[in-house]
Ligand code: TRP
């Protein structure tokens, strides 16, 4: 159990399936950074979880893991204050997931809404594996093995957390009060549409701005953004609501007066798209510039990121090993 008077623990993970983009920044990383002030945070690269959908080609997983960790630090996560680790470097996650699988009815996993949804939306992938079905169970182990009180997640993960809570309760019913029931920590996050106006930024749709994009690419990508299509000339009044260019302004541009001015001129047909977009690109680059600085520092010492993950994984593992000793005791699977 978590010790009295120690800060509550937060655990969250990210799958290393590609380069991180602005959606990750506002959807997770900003929140992760803020949580460092208040909680004992464990943040990890969920590399086994990446295999649930991408098992056929594993050649990029470790590179993405390193790249993502660089982005975390660039975004303001501090490996001195938080524990960064890699799921597969703490193999006890697999042991706990296996033991949890013994008490978990298959139907509980089948009825997690993301299971069927993803099978439908990711139709090009073979999602018939036990690993994919067991995704939320492995996620339960990820969290329970650290006695996590809170799990910062987006809306899409709430069903997984609910499953985690049910599974830990069921486990505790059999073996005593062993596992902490995790609570979701839902933060209201701005949903960023894709550059193409599509529902969200996604690597596979190619509609993202990467955290590692340089200033010029950002400008070019913003220039190509979807905006009000009926505005073929700057003197045609445009629609601000739901317009991705203005949605981004609202999220990234701290100059509210500038936004208001642009919006009213846009509605009146008194501003060109290029001005609105270039001001957005400027705001985005102002957000990304400090990250670029930190990334440059890290790039000069590439071995540093590996060390951080190895050291963090070692630290995480000491906690995981303790929990597993407790779990084996509670289950009476002990030989000594
Ligand atoms: N399922 C999460 C996602 O896709 C990633 C993840 C794996 C996770 N294990 C976790 C998140 C444990 C929080 C806690 O975003």
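In the numbering used here, the protein residues as written are 5 to 340.
Ideal placement from N, C-alpha and C gives every residue a C-beta, glycine not left out.
No experiment lies behind these values; they were computed from the predicted model shown.
Subject >> Span separating the alpha-carbon of residue 337 from that of residue 65 >> reply: Sequence index remark: in the chain shown, residue 337 carries index 333 (1-based). Sequence index remark: in the chain shown, residue 65 carries index 61 (1-based). The straight-line gap from Cα to Cα measures roughly 34 angstroms.
**OP:** Confirm the yes/no value for this check: CB of residue 147, any heavy atom of the ligand TRP, distance under 7 angstroms.
**Re:** Working through the chain shown from its first residue, we reach residue 147 at position 143. Yes, the beta carbon of residue 147 sits closer than 7 angstroms to at least one heavy atom of the ligand TRP.
Subject >> Local conformation of residue 344 per DSSP, three classes >> reply: Since the first and last residues shown for the chain are 5 and 340, residue 344 lies out of range.
Original post:
At what residues does the beta strand (DSSP E) containing residue 187 begin and finish?
Top reply: Reading the chain shown from its first residue, position 183 is the one you call residue 187. Where residue 187 is concerned, the enclosing beta strand (DSSP E) stretches over 187–190.
**OP:** Could you name the residues of the same chain whose beta carbon sits closer than 7 angstroms to that of residue 22, not counting the 5 residues immediately before and after it, in chain order?
**Re:** For the purposes of this step, residue 22 is taken as the residue at position 18 of the chain shown. Taking C-beta separations shorter than 7 angstroms and ignoring five residues to either side along the sequence, the partners of residue 22 in its chain run 68 and 207, following chain order.
Original post:
Once you ignore the five residues that flank residue 7 on each side, which residues in its own chain have a CB closer than 7 angstroms to its CB?
Top reply: Working through the chain shown from its first residue, we reach residue 7 at position 3. Low per-residue confidence applies at residue 7: pLDDT is 49, beneath 50, and the placement is therefore not dependable, though the value from the model is reported in the following sentence. The answer is none, since no qualifying residue turns up.
Subject >> Start and end residues, beta strand (DSSP E) containing residue 155 >> reply: Translated into positions along the chain shown, residue 155 becomes position 151. Where residue 155 is concerned, the enclosing beta strand (DSSP E) stretches over 154–157.
Subject >> Nearest candidate by alpha-carbon position, reference residue 169, set 147, 278 and 100 >> reply: Translated into positions along the chain shown, residue 169 becomes position 165. Residue 169 has its Cα closest to that of 147, out of 147, 278 and 100.
**OP:** Whole angstroms is fine: what's the gap from residue 307's alpha carbon to residue 96's?
**Re:** If you number the chain shown from 1, residue 307 lands on position 303. If you number the chain shown from 1, residue 96 lands on position 92. Approximately 26 angstroms between the Cα atoms of the pair.
Subject >> Inter-residue spacing [alpha-carbon to alpha-carbon] between residue 278 and residue 240 >> reply: As a working mapping, residue 278 is identified with position 274 in the chain shown. As a working mapping, residue 240 is identified with position 236 in the chain shown. Just so you know, the alpha carbons of residue 278 and residue 240 end up roughly 14 angstroms apart.
**OP:** Could you check which residue in 10, 100 and 83 has the C-alpha nearest to that of residue 328?
**Re:** One-based indexing of the chain shown puts residue 328 at position 324. Residue 328 has its Cα closest to that of 100, out of 10, 100 and 83.
Original post:
Touch check for the stretch 314–332 and the stretch 256–273: three-plus C-beta pairs under 8 angstroms?
Top reply: Note that the stretch 314–332 does not touch the stretch 256–273; fewer than 3 beta-carbon pairs, one per stretch, sit closer than 8 angstroms.
Original post:
With a CB to CB cut of under 6 angstroms and the five nearest residues on each side skipped, what residues in its chain are close to residue 135?
Top reply: As a first step, residue 135 is located in the chain shown; it is residue number 131 there, counting from the start. Cβ within range, chain order: 56.
Subject >> Which listed residue (227, 82 and 340) has its alpha carbon closest to that of residue 298 >> reply: Here the question's residue 298 lines up with position 294 in the chain shown. Here the closest residue by C-alpha is 82.
Original post:
Which residue comes first and which comes last in the beta strand (DSSP E) that contains residue 18?
Top reply: Here the question's residue 18 lines up with position 14 in the chain shown. Per DSSP, residue 18 belongs to the beta strand (DSSP E) from 13–18.
Original post:
Any heavy atom of the ligand TRP closer than 7 angstroms to the Cβ of residue 164?
Top reply: Counting from one through the chain shown, the residue named residue 164 turns up at place 160. For residue 164, the Cβ falls inside the 7 angstroms cut-off from some heavy atom of the ligand TRP.
Original post:
Along the chain, where does the alpha helix (DSSP H) that runs through residue 282 open and close?
Top reply: Mapped onto the chain shown, residue 282 falls at position 278. Its alpha helix (DSSP H) spans residues 277–303.
Original post:
Taking just the CA atoms, how far does residue 242 sit from residue 293?
Top reply: For the purposes of this step, residue 293 is identified with residue 289 of the chain shown, where counting begins at 1. For the purposes of this step, residue 242 is identified with residue 238 of the chain shown, where counting begins at 1. For residue 293 and residue 242, the distance between alpha carbons rounds to 31 angstroms.
Original post:
So is residue 106 buried or exposed if we call it buried at 16+ other beta carbons inside 10 Å?
Top reply: Within the chain shown, the letter at position 102 stands for residue 106. Burial is judged here by how many other beta carbons sit within 10 angstroms of a residue's own beta carbon; residue 106 has fewer than 16 and is exposed.
**OP:** Kindly indicate which three-state DSSP category residue 49 falls into: helix, strand or coil?
**Re:** What you label residue 49 is simply residue 45 of the chain shown in a count that begins at 1. Shown here, residue 49 sits in a strand according to DSSP, grouped into three states.
Original post:
What are the boundary residues of the beta strand (DSSP E) that residue 90 is part of?
Top reply: Here residue 90 is taken as the residue at index 86 of the chain shown, counted from 1. Per DSSP, the continuous beta strand (DSSP E) segment holding residue 90 begins and ends at 87–90.
Original post:
Helix or strand or just coil, what does DSSP make of residue 6?
Top reply: Along the chain shown, one-based indexing puts residue 6 at 2. For residue 6, the predicted model reports a pLDDT of 46, less than 50, meaning its position is unreliable and no value from the coordinates is stated.
**OP:** Express the C-alpha separation of residue 205 and residue 125 in angstroms, rounding to a whole number.
**Re:** Locating residue 125 in the chain shown gives position 121, where the first residue counts as 1. Locating residue 205 in the chain shown gives position 201, where the first residue counts as 1. For residue 125 and residue 205, the distance between alpha carbons rounds to 15 angstroms.
Original post:
So which of 89, 249 and 18 has the shortest CA-CA distance to residue 322?
Top reply: Translated into the one-based positions of the chain shown, residue 322 becomes position 318. Per the Cα distances, 89.
Original post:
Say the cut is 7 angstroms; is the CB of residue 34 nearer than that to a heavy atom of the ligand TRP?
Top reply: Your numbering for residue 34 matches position 30 in the chain shown. Result no, Cβ not under 7 angstroms from the ligand TRP.
Original post:
Is it the case that the CB of residue 324 approaches a heavy atom of the ligand TRP more closely than 7 angstroms?
Top reply: In the chain shown, counting from the first residue as 1, residue 324 sits at position 320. Outside the cutoff, so no.
Subject >> residue 193 - containing alpha helix (DSSP H), residue span >> reply: For the purposes of this step, residue 193 is identified with residue 189 of the chain shown, where counting begins at 1. For residue 193, there is no enclosing alpha helix (DSSP H), since its DSSP letter is neither H nor E.
Original post:
Which whole-angstrom value describes the C-beta separation of residue 155 and residue 189, a residue pair presumed to lie in contact below a C-beta threshold of 8 angstroms?
Top reply: The sequence position of residue 155 within the chain shown is 151, counting from 1. The sequence position of residue 189 within the chain shown is 185, counting from 1. Residue 155 to residue 189, Cβ: 6 angstroms. Contact.
Original post:
Which of the three DSSP states, helix, strand or coil, is assigned to residue 71?
Top reply: Residue numbering aside, residue 71 sits at position 67 when the chain shown is read from its first letter. Helix at residue 71.
Subject >> residue 312 versus 164, 191, 93 and 160, residue with shortest Cα-Cα distance >> reply: Locating residue 312 in the chain shown gives position 308, where the first residue counts as 1. Closest by alpha carbon: 93.
Original post:
Is residue 265 helix, strand or coil when you go by DSSP?
Top reply: Looking up residue 265 in the chain shown gives position 261. The answer is helix: DSSP assigns residue 265 an H, G or I state.
Subject >> Proximity winner among 237, 238 and 264, relative to residue 250 (alpha-carbon distances) >> reply: Locating residue 250 in the chain shown gives position 246, counting from the first residue. Check the Cα spacing between residue 250 and each of 237, 238 and 264: the tightest is with 264.
Original post:
Looking at C-alpha atoms only, which residue of 186, 150 and 212 is the closest neighbour of residue 166?
Top reply: Taking the chain shown and counting its residues from 1, the one referred to as residue 166 is at position 162. Comparing alpha-carbon positions, the option among 186, 150 and 212 lying closest to residue 166 turns out to be 186.
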